Amino acid sequence: MVSLSKTIFKAYDIRGVIGSTLDEGVARQIGHAFGKAALAKGERKVVIGRDGRLSGPGLSAALAAGLQEAGVDVIDLGMVATPMVYFGTNVLGAASGIMVTGSHNPPDYNGFKMVLAGEAIHGETIQALYHAIAAGDFAAAATAGSYSTHDIRAEYIERIVGDVKISRPMKIAVDCGNGVAGAFAGELYRGMGCDVIELFCEVDGTFPNHHPDPAHPENLQDLIRCLQETDAEIGLAFDGDGDRLGVVTKDGQIIYPDRQMMLFAADVLSRNAGAEILYDVKCTRHLAPWIAKHGGKPLMWKTGHSLVKAKLRETGAPLGGEMSGHIFFKDRWYGFDDGLYAGARLLELLTRVQDPSALMNALPQSDSTPELHLHLKEGENVELIEKLRSGATFEGSDSINTIDGLRVEYPDGFGLARSSNTTPVVVMRFEAETPEALARIQGDFRRVIVAAKPDAKLPF
């Protein structure tokens, strides 16, 4: 038995290593604590699902047992993409749900993404689950909850195919990296009328081909090669649990999510004039003027899928997006992040033009870096950002936004350093109008970080 570790209770979810910080005993305790939290909000049913990881069936069964012990009825969707659990909480008469997933982490990881009474829980609500388990109150309910299974596949695919329409047939390539999205992507996009080349769509929790994380260019090389060697027009890639989307053009360009957001924003604003569009601090500086030009109000917000979802609810914004690939459509959809659905909406827009790659490549962009990680010891990432906030001065900067770390704006670019909420890492990203400006901004950040932490091993 693994003993309970506070370290697995992260900012947006619960995540641990199988046999080290997470096992079926811990999963059962989490189920019991979540079940009691659901009952306290008047919720009597919880939807559960799991991704394709080898530890998924055991954790999922233990989770269900814990929920039932607490007196909650369980609706088990089986092996599904994370957004299909979210979809279930919108259509099955149960507003709470738990997805057993390790997302894009290595094969020996697993965890839980949770929706409680319609809200993606984060922060203190997740910590409250830890405290409830640590208090050791596992008294079983007088009447155990029921257990049923439900196949949501057809409902989910039909809901999308019934609403999202392509304007012409299109041949696409889809790379699921052996993640769970592979069980659904081909059927969904063929249902829409596309010809689909499938790469690594066999679900395999060991991820034998490449890591299922489209945020990193090395994981998109097979898809780029496929587009070069076939007559597919564009490529879509998904992370391990299907809630994030990556996009590659015919000529091998990666269209990062902040540029995908430009196409989505223009479309959504055509029906929602004057609406707010949310995006996180890692996104390109070209996004705000683009949103304004198309009649919307740009709103920069903190990184984190639960935080963006909460802000969407608060503002009523019809669209939100993160640089990591989480895209949230409240326009024609339910407001949760769904890579498969975002892919469908992208195809709807791209089939309106003859050359989809030209359309995407023409979106504004500058020289930029992908996400860069400065690896530190536990807690040092938070300390470093606090030091920079209180004492660092940046040469030639226009402004500093501190809603999530430090985003330093310059006349010709920006630099970002923020503390990851899930790992002991400082996440950085840089963008500038020229390679020289990019190097200058990185040099400015190098200067202040090394002054604060001389032994920092910078990733640039």
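Numbering (this note's numbering), first residue to last: 51 to 510. Built from N, CA and C at the ideal position, the CB exists for glycine as well. Bear in mind the structure is a predicted one, so any value in this text is a computation, not a measurement.
Own chain, CB closer than 6 Å to residue i, minus 5 neighbours either side, in chain order
| i | result |
| --- | --- |
| D494 | F444, E445 |
| A194 | Q118 |
| G108 | E74 |
| G106 | R100, V150 |
| V458 | F444, S447, I450, G465 |
| A338 | P348 |
| R240 | V246 |
| G243 | I216, P219 |
| L319 | H344, G345, G346 |
| R78 | A112, A115, G116 |
| M188 | At residue 188 the sequence reads Phe, which differs from the Met that was named. H82. |
| G152 | R103, Y159, N160, G161 |
| L409 | V403 |
Residues sharing a beta bridge with residue i, DSSP
| i | result |
| --- | --- |
| F250 | Its beta-bridge partners do not exist; DSSP assigns none. |
| Y197 | V124 |
| I58 | Answer is none; I58 lacks a bridge partner. |
| G147 | V97, V165 |
| V129 | Looking at the sequence itself, residue 129 is Met, so the reference to Val does not match. DSSP lists R100 as partners of M129. |
| G370 | L328, F378 |
| Y239 | Looking at the DSSP assignment, Y239 forms no beta bridge with any residue, so it has no partner. |
| V224 | E248, L286 |
| N160 | G66 |
| L72 | I68 |
| E481 | S418, F464 |
| A392 | None; A392 has no bridge partner. |
| A170 | V165 |
| D213 | Its beta-bridge partners do not exist; DSSP assigns none. |
| D387 | F378 |
Sequence-distant residues of the same chain with beta carbon closer than 7 Å to residue i, five excluded per side
| i | result |
| --- | --- |
| E237 | I207 |
| H260 | G227, N269, D272 |
| F257 | P157, G227, N228 |
| N431 | S469, S470, P474, V475, V476 |
| L362 | L328, G370, F378, K380, G385 |
| V76 | V52, L54 |
| T452 | R439 |
| I210 | L238, Y391, A394 |
| A489 | none |
| V67 | D158, Y159 |
| R382 | D213 |
| A145 | E93, T139, A167, G168 |
Cβ distance (whole Å) where residue i is taken to contact residue j below 8 Å
| i | j | result |
| --- | --- | --- |
| C9 | F250 | The structure shown has nothing for residue 9, since the chain only spans 51 to 510. |
| L313 | G370 | Wrong, their Cβ atoms sit about 15 Å apart, outside the cutoff. |
| G92 | V122 | Not confirmed; about 12 Å, so no contact. |
| M134 | G102 | In fact, because the Cβ distance is near 13 Å, the residues do not count as touching under 8 Å. |
| I58 | T71 | 5 Å |
| H355 | A315 | Between A315 and H355 the Cβ distance is about 18 Å, and since that is not below 8 Å, they are no contact. |
| P267 | A287 | P267 to A287, Cβ: 11 Å. No contact. |
| L89 | A120 | 7 Å |
| R65 | G161 | 3 Å |
| I183 | A83 | 5 Å |
| L166 | A87 | 6 Å |
| M478 | L424 | 6 Å |
| V224 | E248 | 6 Å |
8 Å Cβ shell around residue i - same chain, five flanking residues per side excluded
| i | result |
| --- | --- |
| Q404 | none |
| V498 | L438, A442, T443, F444 |
| A360 | E169, A170, H172 |
| P504 | none |
| V500 | A506, L508 |
| L127 | V97, I98, G99, M134, V135, G138, T199, H200, D201, I202 |
| M311 | I327, Y329, C333, L337, L369, G371, I377 |
| D254 | G102, N228 |
Below-9 Å beta-carbon distance, residue i vs any chain B residue
| i | result |
| --- | --- |
| A170 | Among the chains of the structure shown, chain B does not appear; only one protein chain is present. |
Sufficient close CB pairs (3 or more, under 8 Å) joining the segment 310 to 326 to the segment 127 to 143: no
Minimum length 3: unbroken beta strand (DSSP E) runs contained in the segment 395 to 479: 422 to 425, 449 to 451, 456 to 460, 463 to 469
Cβ contact check for the segment 301 to 316 and the segment 368 to 380: 3 or more pairs under 8 Å: By the Cβ test, the segment 301 to 316 is in contact with the segment 368 to 380, since at least three Cβ pairs between them sit closer than 8 Å.
Inside the segment 260 to 325 only - beta strand (DSSP E) runs reaching at least 3 residues: 284 to 288, 295 to 298
Three or more C-beta pairs below 8 Å linking the segment 481 to 489 and the segment 450 to 470: Yes: at least three Cβ pairs fall under 8 Å.
Three or more C-beta pairs below 8 Å linking the segment 277 to 296 and the segment 165 to 174: No, the segment 277 to 296 does not touch the segment 165 to 174.
Complete alpha helix (DSSP H) runs within the segment 334 to 361 (minimum length 4 residues, chain order): 337 to 343
Stretch-stretch touch, CB-based, cutoff 8 Å, three pairs: the segment 285 to 298 with the segment 380 to 391: yes
At least three beta-carbon pairs within less than 8 Å, the segment 426 to 440 to the segment 407 to 417: no
Three CB pairs or more closer than 8 Å across the segment 215 to 224 and the segment 393 to 403: yes
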